[in-house]
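With the UniProt record's numbering, the residue at position 15 of the sequence shown is 15, and numbering never jumps.
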Amino acid sequence: MTEALPKLREEFRMQNKSVFILGASGETGQVLLKEILDQRLFSKVTLIGRRTLPFQDEAYKNVNQEVVDFEKLDDYVSAFQGHDVGFCCLGTTRKKAGAEGFVRVDRDYVLKSAELAKAGGCTHFNLLSSKGADKSSSFLYLQVKGEVEARVEELKFDRYSIFRPGVLLCDRQESRPSEWLVRKIFGSLPESWASAHSVPVVTVVRAMLNNAVRPQVPEKTELLDNKAIYALGKADDALRP
């Protein structure tokens, strides 16, 4: 994979594909946007979100931004039209939004966005989910993640990639003491053990993009667990200075 990546990326660039990102204001979305721009994989990059994000760096000057009301997505059909690839990093927490708000964001907003993206011509939909996602789970978080995975699959995208990372190792803008402690613990563990249960956000992002440039497998739906994400995201480490 490492040796093939430069060629795969170049072949992908020549296709002049367009991409949208949902959730670009979050930790994963921010890193994903930066990596997409650094790799120059797409001819057009669009952010779909509830507010315009301020960018000072010249590298972001050609990024398009579509501001939508997620409670009235049917009024913003045009924002989802004309994209070949979509990345969904939308998400909140039960603590922040309450149980009802969490379900609305992580299930309803995601599913409606996927429906509009499919109708708008998107052929490859990428969903950031979670390790342990299971629509039959007794835990609300994992149940919702599993349910939205299944319901998006019913839309029958030409290609549907689900990413189930473990604990995301990053520095969040908002303070979550329990997550900070978990990240510290996982960050100090041997890589062989930590890679089975945690993964740096930048590794998740690179796995998403490395997967996107790979030829599609026969199955329309592909599920990447934490181990697969870790391996794919680290595939081109030897190519980086």
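Where is the CB? At the ideal position from N, CA and C, for every residue including glycine. Model, not experiment: these values are computed from the prediction.
Classification of residue i by the beta-carbon crowding that lies within 10 angstroms, buried from 16 upward
i, result
"Val45", "buried"
"Thr2", "exposed"
"Ser138", "exposed"
"Ser78", "exposed"
"Met208", "buried"
"Gln81", "exposed"
"Glu147", "buried"
"Asn210", "buried"
"Ser198", "buried"
"residue 255", "In this structure the chain extends from 1 to 241, so residue 255 is not present and cannot be described."
"Ser129", "buried"
"Gln15", "exposed"
"Ala133", "buried"
"Val103", "buried"
"Arg176", "Note that Arg176 scores 46 on pLDDT, short of 50, meaning its location in the model is unreliable; the coordinates nonetheless yield the value given after this. Exposed, because fewer than 16 other Cβ atoms sit within 10 Å of the Cβ of Arg176."
"residue 260", "Nothing can be reported for residue 260: it is not among the residues displayed for the chain, which extend from 1 to 241."
"Gly26", "buried"
"Val217", "exposed"
Three-state secondary structure assigned by DSSP to residue i
i, result
"Thr52", "coil"
"Lys7", "helix"
"Asn16", "coil"
"Val201", "helix"
"Lys34", "helix"
"Asn226", "helix"
"Thr28", "helix"
"Glu66", "strand"
"Leu116", "helix"
"Val144", "helix"
"Gly23", "coil"
"Arg159", "strand"
"Leu90", "coil"
"Lys220", "coil"
"Lys234", "coil"
"Lys44", "strand"
Which listed residue (the options) has its alpha carbon closest to that of residue i
i, options, result
"Lys131", "Ala117, Arg104, Ile162 and Asn211", "Ile162"
"Val144", "Arg94, Asn126 and Pro165", "Arg94"
"Lys34", "Lys17, Ala235, Lys61 and Arg214", "Lys61"
"Pro200", "Ala212, Arg214, Val217 and Lys227", "Lys227"
"Lys234", "Arg206, Glu10, Leu32 and Glu219", "Arg206"
"Arg40", "Arg9, Leu223, Thr28 and Leu90", "Arg9"
"Leu37", "Cys89, Val63 and His83", "Val63"
Integer-rounded CB distance, given that residue j should sit under 8 Å from residue i
i, j, result
"Ala117", "Gly86", "5 Å"
"Phe70", "Tyr109", "5 Å"
"Thr92", "Tyr160", "With a Cβ gap of about 23 Å, Thr92 and Tyr160 do not count as contacting."
"Leu127", "Glu149", "7 Å"
"Val213", "Phe42", "Incorrect: roughly 11 Å between the Cβ atoms, too far for contact."
"Leu155", "Ala114", "6 Å"
"Leu73", "Lys112", "5 Å"
Short CB-CB distance (under 9 Å) between residue i and chain D
i, result
"Ser136", "Included in the structure is just one protein chain, with no chain D present."
With a cut-off of 8 Å, do at least 3 Cβ pairs link the region 36 to 56 to the region 16 to 24? yes
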